[in-house]
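Report on the structure given below.
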Amino acid sequence: MTVPPITAFLQLDEDRTAQLMQAAQRGLLSEVRYLLYGVSPDLRDQFGRTAFSWAASFDL
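Sequential numbering from 0 applies to the sequence shown in numbering that gives the first Met the number 0.
Structure (C-alpha cells):
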C-alpha cells in the first residue's frame with residue numbers, strides 16, 4: 000500500500016477539518032482506515048471533535 004505524505008492529512012481546511020475528519024463524518028470506513036495509517040487521530044475540528052468521535056456517530 001502506498002501512503003501519501005502525512006502532511007496532506009494534517010492540513011486543516013477553512014473549517015478546521017482534516018481529510019481524516021471528513022472521511023469519518025461521511026462514514027467512509029475504508030478511507031478512515033487508510034488515512035489513519037501513520038497519522039495522529041487526535042486532531043480536533045472547530046467543534047472540538049476528533050475523527051474518532053465522528054466515526055463513533057456513524058457506528059464505524
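We put the beta carbon where it would ideally sit given N, CA and C, even for glycine.
Computed from a predicted structure; not experimentally measured.
For a quick check, are the C-beta atoms of Leu19 and Pro40 less than 8 Å apart? yes
Suppose you measure from the CA of Thr34 to the CA of Ala22; what does that come to, to the nearest Å? Reading the sequence as shown, one finds Leu at residue 34 and not Thr. For Leu34 and Ala22, the distance between alpha carbons rounds to 9 Å.
Residue interval of the alpha helix (DSSP H) (run including Tyr33): 28-35
By alpha-carbon positions, which one of Glu30, Arg25, Asp44 ends up nearest to Ala17? Asp44
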